[in-house]
Amino acid sequence: MHTFVACVLFVVTSIALSAQSLSWSPLRSGLDGGLVDEFIVSPNGSIYADLDYTFARINQSEKQWTDITPLLFRQRMRMAVCPTPFGADLVVVYAGTSQDFDIHFSTNGGNSWGVIPVPEIARGRNFRLFGRSDGTLFGFVEMENNVAVWKSLDFGQSFGTDGSVPKLPEQVLEDSERRLYVMTSTEITMRGGGDSDVWTPLQPPAGTTHWTGAALGGTIAVATELGAFRYEFTTQQWSPVADGYAPATYSTPLRICAAGSHDGDMVVVYDNDGDGRDVVTQKFENGATSWESVGEGQDAIGFRDLIALGSKTLMLSSLAAPLVSSTNGAEWQALGDGLRAISVLRSDVSSSGRIVAPTVLGDVQYSQVSSSEPWQLSDVRVPTTVGITAFEEARHIRDDQWLLITRSGMTFSVNNGESFAAATVPGQPVQPAFPLGVDVAPDGTVFGATPSDYVRSTDGGATWTVVVPSSPQLSVFRSAWSVDGKMYVGTNRGIAVLESSSMPEPIANFGEPVAELWCSPTDPQQVSCITVESQRNFTLRRSNDGGVTWSTLSLGDWTNETLWDVEFDGNGDFYYATADGLYYIKANETDPLLDIIDRDVVVSLRWKAGRGLMATTFRGDVLLADITTSVVNKAAGPSPLSLLTTDDPQRVMVKGLQEGAVTYEVVDIMGRTLIRGNSDVVDGMSTVYIGSISGVYLVKFTTQTETSTVLGVVAR
Numbered sequence: 001m002h003t004f005v006a007c008v009l010f011v012v013t014s015i016a017l018s019a020q021s022l023s024w025s026p027l028r029s030g031l032d033g034g035l036v037d038e039f040i041v042s043p044n045g046s047i048y049a050d051l052d053y054t055f056a057r058i059n060q061s062e063k064q065w066t067d068i069t070p071l072l073f074r075q076r077m078r079m080a081v082c083p084t085p086f087g088a089d090l091v092v093v094y095a096g097t098s099q100d101f102d103i104h105f106s107t108n109g110g111n112s113w114g115v116i117p118v119p120e121i122a123r124g125r126n127f128r129l130f131g132r133s134d135g136t137l138f139g140f141v142e143m144e145n146n147v148a149v150w151k152s153l154d155f156g157q158s159f160g161t162d163g164s165v166p167k168l169p170e171q172v173l174e175d176s177e178r179r180l181y182v183m184t185s186t187e188i189t190m191r192g193g194g195d196s197d198v199w200t201p202l203q204p205p206a207g208t209t210h211w212t213g214a215a216l217g218g219t220i221a222v223a224t225e226l227g228a229f230r231y232e233f234t235t236q237q238w239s240p241v242a243d244g245y246a247p248a249t250y251s252t253p254l255r256i257c258a259a260g261s262h263d264g265d266m267v268v269v270y271d272n273d274g275d276g277r278d279v280v281t282q283k284f285e286n287g288a289t290s291w292e293s294v295g296e297g298q299d300a301i302g303f304r305d306l307i308a309l310g311s312k313t314l315m316l317s318s319l320a321a322p323l324v325s326s327t328n329g330a331e332w333q334a335l336g337d338g339l340r341a342i343s344v345l346r347s348d349v350s351s352s353g354r355i356v357a358p359t360v361l362g363d364v365q366y367s368q369v370s371s372s373e374p375w376q377l378s379d380v381r382v383p384t385t386v387g388i389t390a391f392e393e394a395r396h397i398r399d400d401q402w403l404l405i406t407r408s409g410m411t412f413s414v415n416n417g418e419s420f421a422a423a424t425v426p427g428q429p430v431q432p433a434f435p436l437g438v439d440v441a442p443d444g445t446v447f448g449a450t451p452s453d454y455v456r457s458t459d460g461g462a463t464w465t466v467v468v469p470s471s472p473q474l475s476v477f478r479s480a481w482s483v484d485g486k487m488y489v490g491t492n493r494g495i496a497v498l499e500s501s502s503m504p505e506p507i508a509n510f511g512e513p514v515a516e517l518w519c520s521p522t523d524p525q526q527v528s529c530i531t532v533e534s535q536r537n538f539t540l541r542r543s544n545d546g547g548v549t550w551s552t553l554s555l556g557d558w559t560n561e562t563l564w565d566v567e568f569d570g571n572g573d574f575y576y577a578t579a580d581g582l583y584y585i586k587a588n589e590t591d592p593l594l595d596i597i598d599r600d601v602v603v604s605l606r607w608k609a610g611r612g613l614m615a616t617t618f619r620g621d622v623l624l625a626d627i628t629t630s631v632v633n634k635a636a637g638p639s640p641l642s643l644l645t646t647d648d649p650q651r652v653m654v655k656g657l658q659e660g661a662v663t664y665e666v667v668d669i670m671g672r673t674l675i676r677g678n679s680d681v682v683d684g685m686s687t688v689y690i691g692s693i694s695g696v697y698l699v700k701f702t703t704q705t706e707t708s709t710v711l712g713v714v715a716r
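Under our numbering, the residue at position 494 of the sequence shown is numbered 494, and the numbers go up by one with no gaps.
And the structure:
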């Protein structure tokens, strides 16, 4: 058996970010609804939800979700949860791309985190994790010809080989005998219980092409377009779970949205017409002979997952509700308060304070900045079947005029976003091609870039005329106007000047497309732009002589993350948002400053004269920045304690304790107390003797008023 062993010392519990922060104030909180990518119910009864850039936990007895996102956690995540000897949950999450990711772990349910070095076998490969109910952690690593399975008995500190499966799992299930089932779109593979590392293929039910699995006692059940089937180990065959739940009146195969089970009961949610709406929920109770319809016509767009929780209780996540629970399958209620997922796309705010926000639900909502009333729903709505809206962004033109940019074209509103109508362009379809950029001239004329033409509208977006036909030699993307009335345009190659009834005259050739363009409102000679080679390689360019000469600053070295949005403010300060956070560069300076907004991710930036810089975040918050103030060394993280190394390898320094005397225990990975001691806390710090311990350990501190812990890992 090949074994990989961690060989570095690390702790991540609480870190001060050496960055500056703009002072943000909320305009409106996140919209209702959102997206939960995954949720897991732990053996201890806690519920963990993965909301892309947020990781949250709630216990069944609690009413409020707790944000336990690991500090500096910047990427989409996957998670595994299993019990620990400490009595708390082991939570393992990893984040990043297949080429670069980190594994974070916590042995106290997410209250503090450590980092596991990624095994070399998994570097540059797709990777999945699964936690079994006995605390065993399984890793699935995509190789050239199959998927290698790795097993860890020490919370990921070392992995040993455990056979292989054909493909990366789309779903991993565990039955009451601790057998594992790896589900993909084409195969089902089973692993025996205990220490067996043999994976056996199971032929799916005959005639089925897609399925969703659910553990059903000591076996597995699958919901398919032909009905639900249970695997019988005595005959090694699939048998129907009572009568099929597919009504004969449906002529097309059913699309299974979700399935869940508990104590022999099973619930299946399916969609008979494929639109993600009006889904049907049917339930089979243990001992019954047929399925019972317990819900139909629910507007639950895009079901994501369904899990049985306790006796007769179900949970599901969808686009219409982040996480809901039900005791009968027909009536659903939100599970806890404070859980908000990805909701808002690129929103905008008008001079009168109206916010218009397209959402992932395929609708548009609007509200006033100063209003405490709920968001209102516009009459425009795009049906969605895959959970990805057709909307991209909302743009305010002037007064009550708005544009709504979609993947198929543009719609416009003249009543402050309460309703929208389709825009038209001569020679184009009713809805023109998706604009690459929209800019508004000082007189209210709107300019937009489509893949075929650069167009103009003088009536708020209702009708459009072609200004510059696009060609491989010249395509116009962005516009900006200097204080002396000159119109600069950003093209596929650089900067040009556009005068009325003429083609753009190039003044700077960068060889890269211009993504954003800015002219000073006071100095006609100051022009700045952003050119983008890729979403991870972009350059800030500035000119102080009207575009004759340019200074350049490459920003690809400052972040490895995808660029979400860029914006200039009225002073020429430049802002760009990535998954790392929000960076900004002051005018005439070259060093970016990093702003972390409560570990949220900014997806949209808007500069509004008289209002300031507005940011829309993934969690659906709309914020306004005060750019005149900053905060240095903003602290973040769920734990107040941090662990520091010392010159003595048998001692560590713990920072963040209350002043006075403390007692401490050093606990190993199996929950055994190895060392007990006493220490004095001076200036919030205490020296702890850990001896020659290796691997994962826990240090528990007890004072007269509280008990706190910090997690560490060391290899000798």
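Glycine residues also receive a C-beta, built at the ideal position from the N, C-alpha and C atoms.
A quick note: this is a predicted structure, and the numbers were derived from the prediction, not measured.
{"Query": "So is Pro469 buried or exposed if we call it buried at 16+ other beta carbons inside 10 Å?", "Result": "exposed"}
{"Query": "What did DSSP end up calling Ala122 once you bin it into helix, strand or coil?", "Result": "helix"}
{"Query": "Considering Asp484, what are the terminal residues of the beta strand (DSSP E) in which it resides?", "Result": "From DSSP, Asp484 is part of no beta strand (DSSP E); its letter is neither H nor E."}
{"Query": "Residues in the same chain with beta-carbon distance under 7 Å from Gly109, minus the five sequence neighbours each way, listed in chain order, please.", "Result": "Ser46, Arg57, Ala88, Asp89, Val91"}
{"Query": "Considering only residues of the same chain and omitting the five flanking positions on each side of Thr208, which have a CB-CB separation below 6 Å?", "Result": "Thr224, Leu226"}
{"Query": "So for Phe701, helix, strand or coil by DSSP?", "Result": "strand"}
{"Query": "Please classify Arg179: is it buried, with 16 or more other beta-carbons within 10 angstroms of its beta-carbon, or exposed?", "Result": "buried"}
{"Query": "Report all residues from its chain with a CB closer than 7 Å to the CB of Thr702; omit the five preceding and five following residues, and keep chain order.", "Result": "Val662, Thr663"}
{"Query": "Taking the CB atoms as reference points, tell me whether Pro538 and Leu517 lie closer together than 8 Å.", "Result": "Checking the sequence shown, residue 538 turns out to be Phe, not Pro. No, the pair does not count as a contact, with Cβ atoms beyond the cut-off."}
{"Query": "Quick check on the burial criterion: 16 or more other C-beta atoms within 10 angstroms. Buried or exposed for Lys63?", "Result": "exposed"}
{"Query": "Between Pro358, Ala577, Phe155, Val467, which has its C-alpha nearest Phe105's C-alpha?", "Result": "Phe155"}
{"Query": "Quick check on the burial criterion: 16 or more other C-beta atoms within 10 angstroms. Buried or exposed for Leu644?", "Result": "exposed"}
{"Query": "Considering Pro151, what are the terminal residues of the beta strand (DSSP E) in which it resides?", "Result": "One point to set straight first is that residue 151 is Lys, not Pro, in the sequence displayed. It spans 147-152 - the beta strand (DSSP E) in which Lys151 sits, taken as one unbroken run."}
{"Query": "Can you tell me whether Met614 is buried or exposed? The criterion is at least 16 other CB atoms within 10 Å of its CB, across all chains shown.", "Result": "buried"}
{"Query": "Residues in its own chain within less than 7 Å of Ser239 by CB, not counting five upstream and five downstream?", "Result": "Phe229, Arg230, Glu232"}
{"Query": "Please go through the same chain and pick out, in chain order, the residues whose beta-carbon is closer than 6 Å to the beta-carbon of Leu553, but skip the five residues on each side of it.", "Result": "Leu540, Thr590"}
{"Query": "Taking Cys529 as the reference, which of Thr424, Phe420, Gly490 has the closest Cα?", "Result": "Gly490"}
{"Query": "Using a Cβ-Cβ cutoff of less than 6 Å, which residues in the same chain neighbour Val440 once the five nearest sequence positions on both sides are dropped?", "Result": "Ile397, Val446"}
{"Query": "With a cut-off of 8 Å on the beta carbons, I'd call Gly547 and Val527 a contact; round off their distance for me.", "Result": "5 Å"}
{"Query": "What's the C-alpha gap between Thr202 and Asn59?", "Result": "Per the sequence presented here, residue 202 reads as Leu, with Thr not at that position. In a straight line, the C-alpha of Leu202 is about 36 Å away from that of Asn59."}
{"Query": "I need the straight-line Cα distance from Asn584 to Gly124, nearest angstrom please.", "Result": "The sequence as given places Tyr at residue 584; Asn does not occur at that position. One C-alpha to the other measures close to 31 Å."}
{"Query": "Suppose you measure from the CA of Ser457 to the CA of Ala496; what does that come to, to the nearest Å?", "Result": "21 Å"}
{"Query": "Taking just the CA atoms, how far does Gln171 sit from Gly192?", "Result": "17 Å"}
{"Query": "Given a cut-off of 8 Å, decide if Pro166 and Arg128 are closer than it, judged by their beta-carbon atoms.", "Result": "no"}
{"Query": "Go ahead and pull the three-state DSSP assignment for His210.", "Result": "coil"}
{"Query": "Is it buried or exposed, Ser152, if we count other Cβ atoms within 10 angstroms and call 16 or more buried?", "Result": "buried"}
{"Query": "Please report the Cβ distance between Gly139 and Trp150, rounded to the nearest whole angstrom; I am assuming they are in contact, meaning their Cβ atoms lie under 8 Å.", "Result": "4 Å"}
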